[in-house]
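Taking it in order: structure first as structure tokens, then the write-up.
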Amino acid sequence: MGRRTVFFIAYLLLLLASHLWTARQADMPPFGVFPKMEGRGQSLYVLWGRAGGANEELQAIAGKLGEDPLKTVWAPLQSQERFSMEDVATAVQSSRADSVVVLGIGYGSLEALLLASELEIAPDSLVLVDPALSTRFELLGDDRLNAALKTFQLAWFWVLENAVPHFGYSRELPFNLETARRVFEADQGAAESLYKSYAGKMQLLYPESGSFVGSGAIDAYLEVRPATAAASYGNLDTLAEKVSVQGASFTVSQLDTASEAEFGDFSGVQLSPWWGGFLLAMSTLASEDFACIGGGLLAATGTVGLVPAILGCLLGIFLGDLGIYFIGRVFGATALELPVLRRLVSAKAMNRSAEWFEDKGVRLVVLTRFFPGSRVPTYFAAGVVKVGWIRFTFALLLASAIWTPLLVLAAYFFGERFLAAFESLGIGGWLGILAVIVCFAIGVRLLAKLSTWKGRRMLYCRWRRLIGWEFWPMWAVYAPVIAQIVWLAVRYRSISLPFSVNPCMPASGLVYESKIQILSHLQSAGVPVARFVAIPLESPVDEKLGQLRDFMARLGLVYPVVLKPDVGQRGQGVVIARCESDAEAFFENQEEATIAQEYVEGSEYGVFYQRFANKESGEVISITDKRTTWVEGDGESNLETLILKDERAVCMAPFFLKEFESELESVLARGERFMLASIGTHSRGAVFLDGCHLMTPELQAAVDGFSRRVAGFHFGRYDLRVPNEDALKRGEGIKVIELNGITSEPTHMYDPQHGPLFGWSSLMRQWRSIFALAKENRLAGHEPVSKREVLKLAVGHFRGLPSRDLV
Numbered sequence: 007m008g009r010r011t012v013f014f015i016a017y018l019l020l021l022l023a024s025h026l027w028t029a030r031q032a033d034m035p036p037f038g039v040f041p042k043m044e045g046r047g048q049s050l051y052v053l054w055g056r057a058g059g060a061n062e063e064l065q066a067i068a069g070k071l072g073e074d075p076l077k078t079v080w081a082p083l084q085s086q087e088r089f090s091m092e093d094v095a096t097a098v099q100s101s102r103a104d105s106v107v108v109l110g111i112g113y114g115s116l117e118a119l120l121l122a123s124e125l126e127i128a129p130d131s132l133v134l135v136d137p138a139l140s141t142r143f144e145l146l147g148d149d150r151l152n153a154a155l156k157t158f159q160l161a162w163f164w165v166l167e168n169a170v171p172h173f174g175y176s177r178e179l180p181f182n183l184e185t186a187r188r189v190f191e192a193d194q195g196a197a198e199s200l201y202k203s204y205a206g207k208m209q210l211l212y213p214e215s216g217s218f219v220g221s222g223a224i225d226a227y228l229e230v231r232p233a234t235a236a237a238s239y240g241n242l243d244t245l246a247e248k249v250s251v252q253g254a255s256f257t258v259s260q261l262d263t264a265s266e267a268e269f270g271d272f273s274g275v276q277l278s279p280w281w282g283g284f285l286l287a288m289s290t291l292a293s294e295d296f297a298c299i300g301g302g303l304l305a306a307t308g309t310v311g312l313v314p315a316i317l318g319c320l321l322g323i324f325l326g327d328l329g330i331y332f333i334g335r336v337f338g339a340t341a342l343e344l345p346v347l348r349r350l351v352s353a354k355a356m357n358r359s360a361e362w363f364e365d366k367g368v369r370l371v372v373l374t375r376f377f378p379g380s381r382v383p384t385y386f387a388a389g390v391v392k393v394g395w396i397r398f399t400f401a402l403l404l405a406s407a408i409w410t411p412l413l414v415l416a417a418y419f420f421g422e423r424f425l426a427a428f429e430s431l432g433i434g435g436w437l438g439i440l441a442v443i444v445c446f447a448i449g450v451r452l453l454a455k456l457s458t459w460k461g462r463r464m465l466y467c468r469w470r471r472l473i474g475w476e477f478w479p480m481w482a483v484y485a486p487v488i489a490q491i492v493w494l495a496v497r498y499r500s501i502s503l504p505f506s507v508n509p510c511m512p513a514s515g516l517v518y519e520s521k522i523q524i525l526s527h528l529q530s531a532g533v534p535v536a537r538f539v540a541i542p543l544e545s546p547v548d549e550k551l552g553q554l555r556d557f558m559a560r561l562g563l564v565y566p567v568v569l570k571p572d573v574g575q576r577g578q579g580v581v582i583a584r585c586e587s588d589a590e591a592f593f594e595n596q597e598e599a600t601i602a603q604e605y606v607e608g609s610e611y612g613v614f615y616q617r618f619a620n621k622e623s624g625e626v627i628s629i630t631d632k633r634t635t636w637v638e639g640d641g642e643s644n645l646e647t648l649i650l651k652d653e654r655a656v657c658m659a660p661f662f663l664k665e666f667e668s669e670l671e672s673v674l675a676r677g678e679r680f681m682l683a684s685i686g687t688h689s690r691g692a693v694f695l696d697g698c699h700l701m702t703p704e705l706q707a708a709v710d711g712f713s714r715r716v717a718g719f720h721f722g723r724y725d726l727r728v729p730n731e732d733a734l735k736r737g738e739g740i741k742v743i744e745l746n747g748i749t750s751e752p753t754h755m756y757d758p759q760h761g762p763l764f765g766w767s768s769l770m771r772q773w774r775s776i777f778a779l780a781k782e783n784r785l786a787g788h789e790p791v792s793k794r795e796v797l798k799l800a801v802g803h804f805r806g807l808p809s810r811d812l813v
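Residue numbers (the working numbering): 7 to 813.
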């Protein structure tokens, strides 16, 4: 069991224990229920504290009120028992208090205002302390931007609560999931309306200094509702004293005077240029595009100035990119050992960028700013090859100065229009903000790609892969087929039945089947198998090379020779070694035993075979003509250009550009061919054509003849080579290089002329045959492997574990 697996299991156990412990704590008996009111002359104070934090104001007020025996304090949110607003209103109305005061602090002002509005008899006083009723005077000053921030905060605390083992301690934090949910669910739009229309006595207390005064909030609150009495406080003791002595030190601007003013009429929060620029600069470290788009939206709402938004984003982008350069300059190529950089920069990409610098100089810095995916390896390579830092810094600053204003100004001028468009479609609030940012980010990337020939060809590649069935991902290919497999399992009353179709293979060839064992089984039955030798994984590299030399000398072989892992799917890890250095490189990176196999000249085909016991002979049901992919030089274009020009090669451009990364700049002579896909694997660039026209009685007889001799084999696809097409038709010169079992496909369905309906019908027909064949074998006494074994194999396959790590 690997270290990662151990850590993951330990994490899951800790998480489970944490959730069980937290659930047990939550089931404890509640305390802090509604206080009893005894005697006459008592006043009830219902207090709603801030959403998170130490709630120092609440503690000071409660402490001061508690000194008076005629004053009873109740803070519903501070007790462990949970009360709905209806419960609180009912409790207050049924109390025997002579007077009721409802007080809210910060976000608690919303609950206080709502409670006061729901009471049948208005409280004697509604006191709002540093209220947060309007989005104009908090966070970014815009309801949509604030909603986006609150959503992010809620998501963060949800992950902390549910995905981190905390054993209840997260709930003791000043800010936690409950407070985040309270902030997220606060309906400040409704609170603004309630505040303006509230008919009872209202008092507002605010700190003498701070954002409430600096943002102009106090002026807005008093202008929207002139009947509100207001007073400031300097410290917590003064605040507590003013609450305790109702009506003292309050001033009312205009009693019983209606106002046409709305909170939306005021400018609200405005970040200082320095602070706004700093926040945007820091945001670029998370996402440059999102920071620039967010900066443009903030500037459009007036929260931050346009110039500070541009300069802040520019500074963050410039310093971040300069940091990448200096990491490469100081630590060199050894920095690639860091996991973070290793995921972003491959050694091949770094070497290629270094070659670019030697050829094109620092002007490359400006160009890569506009090409997604090239920036990090280019800047890192510039540091490794020690490009002059003064020239590099100037080029980097120039690139940032061109790119950043374009993105910020685009969001500034068009962001509001996009928001309005999304709101008209019912996508408003934080979802609208997210939609705008995503649309702008995609749009910028799209425009950057459209501006270059390479970018346009890569977009063409994506289009071809989208409309071409043969390139669809496995989940799209098999989605309808899975439904049929489930139905067949119900019909045959067994989900494990298919795994008895080929008793000679573990799990009938699901995954992790040994190619060495299968080929040895075929060879012993007289099947014409291409000669091979097994090379153990445990042997040192020099011993493996020695065994390979012995094998080649014994059979009189010369390079090239085929090397492939004993366990693998879809051609993964298969190499045609053309010299000993290729073989050495293959052995150094192996995690499985190796098959060394003679390289058979000729054409490669996939021949699908099935054999029912109630029929006289088996039958070939599918033939795939596997074609290699190559490009031809013109004496001018480099390999990268040739790949992108070719109508077939461009469809596999992401794979080919990565596979031949170190050779992309090489220029092929006119007429020179470069082989891109030399093995018959579709995922590595081969073209699969429907070869059903090659079906002949001679081929049927030849394949059935040697297949019937293989004990325990009834269903699968041979990968074989023959000298030419005519030899295949005659059933002559066949050399089997591999046999695949239950997970093999009738690969002729990937012919470009076929579509998804043809492919789905082929796969469904295949699985009907699998269940029918498996039923025959089961009745003959061949039991399938256990469901537990199948699950182990499937989990190991999807996790990418080598066969030796299966437990």
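C-beta: ideal position from N, C-alpha, C; glycine also. In this text the structure is predicted, and so the values were computed from the model without any measurement.
Beta-carbon proximity list for residue i, same chain, < 6 Å, skipping 5 on both sides
i           : result
residue 302 : 414, 417, 418, 421
residue 385 : 327, 330, 331
residue 375 : 405, 409
residue 744 : 725
residue 82  : 89, 94
residue 817 : The structure shown does not extend to residue 817, since the chain spans only 7 to 813, so no value can be given for it.
residue 784 : 506
Distance between beta carbons of residue j and residue i, contact taken as under 8 Å
i           : j           : result
residue 568 : residue 605 : 5 Å
residue 739 : residue 704 : That belief does not hold up - the Cβ atoms of residue 739 and residue 704 are roughly 12 Å apart, past 8 Å.
Neighbourhood of residue i by C-beta, 8 Å cutoff - its chain only, sequence neighbours within 5 removed
i           : result
residue 801 : none
residue 255 : Low confidence applies to residue 255: its pLDDT is 42, below 50, so where it sits in the model is not reliable enough to give any reading.
residue 502 : 790, 791, 792, 793, 796
Range of the contiguous alpha helix (DSSP H) that encloses residue i
i           : result
residue 483 : 480–498
residue 775 : 762–785
residue 201 : 194–203
residue 703 : 703–713
residue 686 : Taken as a continuous stretch (DSSP letters only), residue 686 belongs to no alpha helix (DSSP H), as it is neither H nor E.
residue 154 : 149–169
residue 323 : 312–337
residue 78  : Unbroken run through residue 78 is the beta strand (DSSP E), 77–80; no alpha helix (DSSP H).
residue 296 : 294–307
residue 185 : 183–191
residue 457 : Counting along the chain, residue 457 falls outside any alpha helix (DSSP H), and DSSP gives it neither H nor E.
C-beta neighbour in chain B for residue i, strict 8 Å
i           : result
residue 220 : Checking the listed chains, one finds no chain B in this structure; it contains a single protein chain.
Bridge partner(s) assigned by DSSP for residue i
i           : result
residue 571 : 600
residue 746 : 723
residue 633 : 693
residue 866 : Only positions 7 to 813 of the chain appear in this structure, which leaves residue 866 out of reach.
residue 244 : Beta-bridge pairing links residue 244 to no other residue.
residue 616 : 625, 721
residue 644 : 673
residue 611 : 631, 726
residue 13  : According to DSSP, residue 13 bridges with nothing at all.
residue 540 : 601
residue 638 : 679
residue 535 : 742
Close Cβ partners of residue i (< 7 Å) along its chain, the five nearest in sequence each way excluded
i           : result
residue 33  : For residue 33, the pLDDT reaches just 45, beneath the cut-off of 50, and the residue's location in the model is therefore unreliable, although a value from the coordinates is still provided. Hits under 7 Å: none found.
residue 197 : 116, 119, 139
residue 731 : 609, 700
residue 650 : 460, 463, 656, 659
residue 19  : none
residue 662 : 649, 655, 682, 691
residue 718 : 508, 509, 510
Residue interval of the beta strand (DSSP E) (run including residue i)
i           : result
residue 392 : Where residue 392 is concerned, there is no enclosing beta strand (DSSP E), given that its DSSP letter is neither H nor E.
residue 53  : 49–54
residue 105 : 105–111
residue 583 : 581–583
Heavy atom of the ligand PLP within 7 Å of residue i beta-carbon
i           : result
residue 387 : Inclusion of the ligand PLP in the displayed structure is not the case, the ligand content being empty and no account of it being possible.
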